[in-house]
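Colleague: I'd like to ask some things about the structure below.
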Amino acid sequence: MIKYLNLATERSRAEVVALVGEDDAHLTELMQLGGIDRRVEDSASLIGEIDALIVTNRDGALHADQAIPFLAAGKPVWVDKPLACSTNDARRMIAEAVRTGTPLASYSPLRWVPDVENLAKRRDSIGELQALTVIGPADPRSEYGGIFFYGIHCADVAQRLAPGEPTEFRVSSIRDTVIIRYLSGEVDVTLQLVKPDDHQRVPFHASVTGRHGVVSSEIALGPGYVEPGIGAFLGMLGTGAPPVPYQEILRTIVVIEAAAHAFA
Numbered sequence: 005m006i007k008y009l010n011l012a013t014e015r016s017r018a019e020v021v022a023l024v025g026e027d028d029a030h031l032t033e034l035m036q037l038g039g040i041d042r043r044v045e046d047s048a049s050l051i052g053e054i055d056a057l058i059v060t061n062r063d064g065a066l067h068a069d070q071a072i073p074f075l076a077a078g079k080p081v082w083v084d085k086p087l088a089c090s091t092n093d094a095r096r097m098i099a100e101a102v103r104t105g106t107p108l109a110s111y112s113p114l115r116w117v118p119d120v121e122n123l124a125k126r127r128d129s130i131g132e133l134q135a136l137t138v139i140g141p142a143d144p145r146s147e148y149g150g151i152f153f154y155g156i157h158c159a160d161v162a163q164r165l166a167p168g169e170p171t172e173f174r175v176s177s178i179r180d181t182v183i184i185r186y187l188s189g190e191v192d193v194t195l196q197l198v199k200p201d202d203h204q205r206v207p208f209h210a211s212v213t214g215r216h217g218v219v220s221s222e223i224a225l226g227p228g229y230v231e232p233g234i235g236a237f238l239g240m241l242g243t244g245a246p247p248v249p250y251q252e253i254l255r256t257i258v259v260i261e262a263a264a265h266a267f268a
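So this is what it looks like as structure tokens:
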């Protein structure tokens, strides 16, 4: 993200000017990479000095406390996935964004990658949508918010390909896989979240079934896979319109929360 904003051509549109966190080797490396000379321990100290905030804590449970003060001050916020680790926190952030008319963005970068875009286009050629299966890695016991940390990728891809209100949840586990099944509108959606081991993790994959055909694809993460998502954020800064509808963002949290509650 810093490399793209501060070193690539996009710097003319926006750049990272300060980092928040402890003075450790990782933060020092990021500051050197981006030519950033300011570090603070409390993001709130930056409210009056910056134009927007990017929240990148790995644990989504920390995101609301970081984002809400900036939204209250009218500063656009991009929360790197997941928006939150509970629907309560997600609703709090969205409510503040709506109250102040300040744009809020949150999404998986997979939503924008070429393979997902291609599936979305091909979906229209196979007749009325019947079912969707999305496969990817996730660890229910991750130290970074459990299944939310990686499970949100599959939930967001599912909303991209089969948007709708999630209902009728059925959550189960088989060996090292958590299976979340639900209806998105009238489409049967299955997420298969496979726990990685020390050797490898399952690739992301999606299969879309229509009335007249099936399209499926591995979802490849190329070297620039984060760039379309960064572009969506920059577009939001220019237009003031969030790139993903708030209701759609919230639905992804609802889906993963169903699994989190099942294995609490």
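161 is the number that my numbering gives to position 157 of the sequence shown; each next residue is one higher, with no gaps. The C-beta atom is built at its ideal place from N, Cα and C for all residues, glycine as well.
Output needed for Asp27: all residues of its chain with C-beta closer than 8 Å, excluding positions within five of it in sequence on either side, in chain order.
Modeller: If we look at Asp27 and ignore the five residues flanking it on each side, its Cβ neighbours are Arg43.
Colleague: Could you tell me the boundaries of the beta strand (DSSP E) in which Ala142 lies?
Modeller: No beta strand (DSSP E) holds Ala142; DSSP gives it neither H nor E.
Colleague: According to the Cβ coordinates, are Ile58 and Tyr250 closer than 9 Å?
Modeller: The answer is no: Cβ separation not under 9 Å.
Colleague: Identify whether Gln70 lies in helix, strand or coil by the three-state DSSP scheme.
Modeller: Of the three classes helix, strand and coil, the one that applies to Gln70 here is helix, per DSSP.
Colleague: To the nearest angstrom, how far is the alpha carbon of Trp82 from that of Ser110?
Modeller: One C-alpha to the other measures close to 6 Å.
Colleague: When DSSP labels each residue in this structure, what does Tyr148 get in the three-state scheme?
Modeller: In the structure shown, Tyr148 sits in coil (DSSP, three-state: anything other than H, G, I, E or B).
Colleague: Between which residues of its own chain and Thr104 is the CB-CB distance below 7 Å, once the five residues before and five after are set aside?
Modeller: These residues qualify, in order along the chain: Leu75, Ala76, Gly78.
Colleague: Which residues mark the beginning and the end of the alpha helix (DSSP H) in which Arg17 is found?
Modeller: Note, Arg17: premise wrong, no alpha helix (DSSP H); not H, not E.
Colleague: So, does the segment 211–223 touch the segment 144–151, judging by three or more C-beta pairs under 8 Å?
Modeller: Contact between the segment 211–223 and the segment 144–151 is absent, because fewer than three Cβ pairs lie under 8 Å.
Colleague: Could you give the residue range of the alpha helix (DSSP H) that holds Gly239?
Modeller: Segment 231–243, the alpha helix (DSSP H) holding Gly239.
Colleague: Just confirm the distance between the C-beta atoms of Gly217 and Ile130, as a whole number of angstroms; I'd bet it's less than 8 Å.
Modeller: 4 Å between Cβ atoms; contact.
Colleague: Report buried or exposed for Ala48, applying the criterion of at least 16 other Cβ atoms within 10 angstroms of its Cβ.
Modeller: Ala48 comes out exposed.
Colleague: Any chance you could list the alpha helix (DSSP H) runs of at least 4 consecutive residues sitting entirely within the segment 191–225, in chain order?
Modeller: Here no run is fully enclosed.
Colleague: Have a look at Pro247 and Arg115 and give me their C-alpha separation to the nearest angstrom.
Modeller: If I take the Cα positions, the gap works out to 11 Å.
Colleague: Count the other CB atoms within 10 Å of the CB of Gly242; is the residue buried (16 or more) or exposed (fewer)?
Modeller: Per the 10 Å Cβ criterion, exposed.
Colleague: Per DSSP, what kind of secondary structure is Ile178 in: helix, strand or coil?
Modeller: Of the three classes helix, strand and coil, the one that applies to Ile178 here is strand, per DSSP.
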